[in-house]
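These notes are about the structure you will find just below.
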Amino acid sequence: MPRHLFFYYAVLICVLSICSCSSGAATDDQKGAVGPLKGTTSIDGAKWEEMQCVEGSVTSLRVPSLVEVDGDVFAVAEAQYKKKGSEEAVSVAGIASVLLKEGEAGPTEISTVGTSFLHMQLLKGSDAAEKATEIMQPTTIVVGNDVYMLLGNYSRTTPKAEASGKDGWKLLLVKGTVSRTSNEEKKIQWGETHAVQLESRIHGSLTRLVGGGGSGVVLQDGSLVFPMQATDTKNGKGVFLAMQLTQVENKWELSRQMAEIGGYRDPAIVEWDDDEKLLALVPCKDGYYDVYKGLGAGRSWHPVREPISRVWGNSLKRQGEGVRSGFITAAIEDKKVMLLTLPAYSEEKGKGQLHLWVTDNARVHDVGPVSNEEHDAAASSLLYRKKRNKEDELVLLYEKKNDADDSFSLVSVRLTDKLPWIKEVVKTWKEMDAALKSCTSGGTFDPRAKGMCNGPIPTEGLVGFLSNTLTDGTDAGTVWVDEYLGVNATVKTGELASDEWGVTFKGVGAGRSGRW
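With mature numbering (1 follows the signal peptide of the UniProt record, and there is no 0) as the guide, the letters of the sequence shown map in order to residues -26 to -1, 1 to 490.
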């Protein structure tokens, strides 16, 4: 039985010099990209000066992203920093960047406690240096061997009169290059600072425009796209949109059409298919993750009702707001798929434990948990890369909530050991597609499809296939196995009468009581 699923100037930069083992992008994929500073305005007199942080000055690390520069992987995040003499835990925000070293096994915590040394960079020589920001929402993109970071400048407390439209938008684009410390350790050195000035006639009601966090995307044609979020002053709801720079235009532009339903935040985007098509995975305050399709380098966005929209919930009971997902694409077994990490919540403890999923925009397979359940994981970032003369690598970075004071640290984990199984899953999808398409009325020569079908079955949009594989199951009933390794069904009543060309049950109400 085939199944189709209906359904934001920044003033402070902190650079962590601690090293740990390790949706970013590999530098090999950035050839021909547009220069990100095109159409922006350099801030005269802006200069980044380093200063040393004292232990305990960084109170929380959030909004993680992963970037690869010339073979090295760095974690970038927003750092909540407490000024000297201040008792406020979030008096100012900065940026922490960490080189993730190879060779160490197991999860490694990037903690705000016990940090041996911090490099501080303070923006001097502009009005921005006199302002303290609390929300920066760093969103990164890699072009060549440089990192570009989009930043916002907003207070966590909304002022009584906050300008909307372009007069209220405060966006910075900062260029970072990899340099070496006195100890010959690599770090990201932030330098050129530019203001991003956006013109728009159709977004006049939006305020607090800021990057969505995580990573932006470099498209195959060299266009650059950042996920964006803002607040609509008309109704106070969060909206999702995008900011793009193409080969044709000389300036950054906002998408013409946005998700106007409201209640969205923390979007994550990937390039999917050709023709500048993107997909966005966006948590909605109604309790689930919506999927949007972006056309024309993200100039317009449209809801995708199926097949993977609203598959994932924000909580156990699909209530409240969600978190930013790790969301990337990868070529596995010569097939393009999406990899994503989102928390699943236990009924007993109520804490979030990240799971890794793979999907081809139809089938969805849960690879399994990839974080410690006690960490109560929140936002995450993924990076997949093909290393020169080495095995492929998958890296995860996520927020860990600290129960004592509700602060956050980061944890990095290498998930390379998950790749062999992911390859097996994708291989199964391809083999099942081929087998079902080749079915004939007289049976089939493909042993995988033996007894499953007696004629060709279309596989476009097919999310699962319940055929003739049954297991002993659980106390709840017999498990009817999905041949695409998705969600199995549980049959509660009826005895098996036949497993030829599917499954036939006998008995009163046979097969009528089941659960996915």
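C-beta atoms are modelled at their ideal positions from N, C-alpha and C, and glycine is treated no differently.
Inset, instruction - Reducing DSSP to helix, strand and coil, say where H168 ends up. - result: Here residue 168 corresponds to residue number 194 of the sequence shown, with the count starting at 1. Looking at H168 - three-state DSSP - the assignment turns out to be strand.
Inset, instruction - Taking the CB atoms as reference points, tell me whether V244 and Q218 lie closer together than 8 Å. - result: One-based indexing of the sequence shown puts residue 244 at position 270. One-based indexing of the sequence shown puts residue 218 at position 244. No. Outside cutoff.
Inset, instruction - List the endpoints of the continuous beta strand (DSSP E) containing P38. - result: Start at 1 with the first residue of the sequence shown, and residue 38 comes out as number 64. Counting along the chain, the beta strand (DSSP E) containing P38 begins and ends at 32 to 43.
Legend entry - V50 CB to nearest heavy atom of the ligand ZN below 7 Å: This structure simply doesn't include the ligand ZN, nor any ligand for that matter.
Legend entry - For E388: DSSP bridge partner residues: Numbered from 1 along the sequence shown, position 414 holds the residue referred to as residue 388. It should be pointed out that residue 388 corresponds to Arg in this sequence rather than to Glu. Per DSSP, V369.
Inset, instruction - Please confirm whether L252 and W286 have their CB atoms less than 8 Å apart. - result: Locating residue 252 in the sequence shown gives position 278, where the first residue counts as 1. Locating residue 286 in the sequence shown gives position 312, where the first residue counts as 1. Not a contact, by the Cβ cut-off of 8 Å.
Legend entry - Cβ contact check for the stretch 202 to 215 and the stretch 149 to 162: 3 or more pairs under 8 Å: no
Legend entry - Distance, V477 Cα to K466 Cα: Along the sequence shown, read from residue 1 onward, the residue named residue 466 stands at position 492. Along the sequence shown, read from residue 1 onward, the residue named residue 477 stands at position 503. About 14 Å.
Legend entry - Close Cβ partners of V297 (< 6 Å) along its chain, the five nearest in sequence each way excluded: Here the question's residue 297 lines up with position 323 in the sequence shown. Counting only Cβ-Cβ distances below 6 Å, and skipping sequence neighbours, we find A352, A353.
Inset, instruction - Mind checking which residues open and close the beta strand (DSSP E) that includes V453? - result: Here residue 453 is taken as the residue at index 479 of the sequence shown, counted from 1. Looking at the DSSP string, the run of the beta strand (DSSP E) that includes V453 is 451 to 456.
Inset, instruction - Just confirm the distance between the C-beta atoms of G68 and A53, as a whole number of angstroms; I'd bet it's less than 8 Å. - result: By one-based count along the sequence shown, residue 68 stands at place 94. By one-based count along the sequence shown, residue 53 stands at place 79. About 5 Å; that satisfies the 8 Å criterion.
Legend entry - Cβ-Cβ distance between T255 and L314 below 8 Å: By 1-based counting over the sequence shown, the position of residue 255 is 281. By 1-based counting over the sequence shown, the position of residue 314 is 340. The question names Thr, yet the displayed sequence has Leu at residue 255. Closer than 8 Å, so yes.
Inset, instruction - Hey, could you find the ends of the beta strand (DSSP E) W275 is sitting in? - result: As a first step, residue 275 is located in the sequence shown; it is residue number 301 there, counting from the start. Here the beta strand (DSSP E) through W275 covers 274 to 278.
Legend entry - Q293 classed as buried or exposed, judged by whether at least 16 other C-beta atoms fall within 10 angstroms: The count along the sequence shown starts at 1 and reaches residue 293 at position 319. Around the beta carbon of Q293, fewer than 16 other beta carbons sit within 10 angstroms, so the residue counts as exposed.
Inset, instruction - Decide if I302 is buried, meaning its Cβ has at least 16 other Cβ atoms within 10 Å, or exposed. - result: Residue numbering aside, residue 302 sits at position 328 when the sequence shown is read from its first letter. Result: buried.
Inset, instruction - Mark V222 as exposed unless 16 or more other C-beta atoms lie within 10 angstroms of its C-beta, in which case mark it buried. - result: For the purposes of this step, residue 222 is taken as residue 248 along the sequence shown, with counting starting at 1. It is exposed - the Cβ of V222 has fewer than 16 other Cβ atoms within 10 Å.
Legend entry - Same chain, Cβ closer than 7 Å to D120, neighbours up to 5 away in sequence not counted: The residue given as residue 120 occupies position 146 in the sequence shown. K149, G150, T151.
Inset, instruction - Decide if L328 is buried, meaning its Cβ has at least 16 other Cβ atoms within 10 Å, or exposed. - result: Reading the sequence shown from its first residue, position 354 is the one you call residue 328. When all chains shown are included, L328 counts as buried.
Legend entry - Three or more C-beta pairs below 8 Å linking the stretch 166 to 176 and the stretch 202 to 209: no
Inset, instruction - Please name the residue, chosen from E373, V191, E398, that lies closest to I115 on a Cα-to-Cα basis. - result: For the purposes of this step, residue 115 is taken as the residue at position 141 of the sequence shown. Checking every option, the nearest Cα to that of I115 belongs to V191.
Inset, instruction - Using alpha carbons as the reference points, say which of D366, A318, N363 lies closest to N346. - result: Locating residue 346 in the sequence shown gives position 372, where the first residue counts as 1. Here the closest residue by C-alpha is A318.
Inset, instruction - Consult DSSP for residue 491 and reduce its assignment to one of helix, strand or coil. - result: Nothing can be reported for residue 491: it is not among the residues displayed for the chain, which extend from -26 to 490.
Inset, instruction - Could you tell me the boundaries of the alpha helix (DSSP H) in which A408 lies? - result: Locating residue 408 in the sequence shown gives position 434, where the first residue counts as 1. Taken as a continuous stretch (DSSP letters only), the alpha helix (DSSP H) holding A408 covers 393 to 411.
Legend entry - Coil, strand or helix - G268 by DSSP: As a first step, residue 268 is located in the sequence shown; it is residue number 294 there, counting from the start. In the three-state reduction of the DSSP assignment, G268 falls in the strand class, which pools E and B.
Inset, instruction - State yes or no: is the C-beta of G186 within less than 8 Å of the C-beta of A242? - result: The count along the sequence shown starts at 1 and reaches residue 186 at position 212. The count along the sequence shown starts at 1 and reaches residue 242 at position 268. A242 sits close to G186, with the two beta carbons spaced by under 8 Å.
Inset, instruction - Would you mind sorting K144 into buried or exposed? The rule is 16 or more other CB atoms within 10 Å of its CB. - result: If you number the sequence shown from 1, residue 144 lands on position 170. Buried, because 16 or more other Cβ atoms sit within 10 Å of the Cβ of K144.
Legend entry - Cβ pair count under 8 Å reaching 3, the stretch 397 to 412 against the stretch 371 to 380: no
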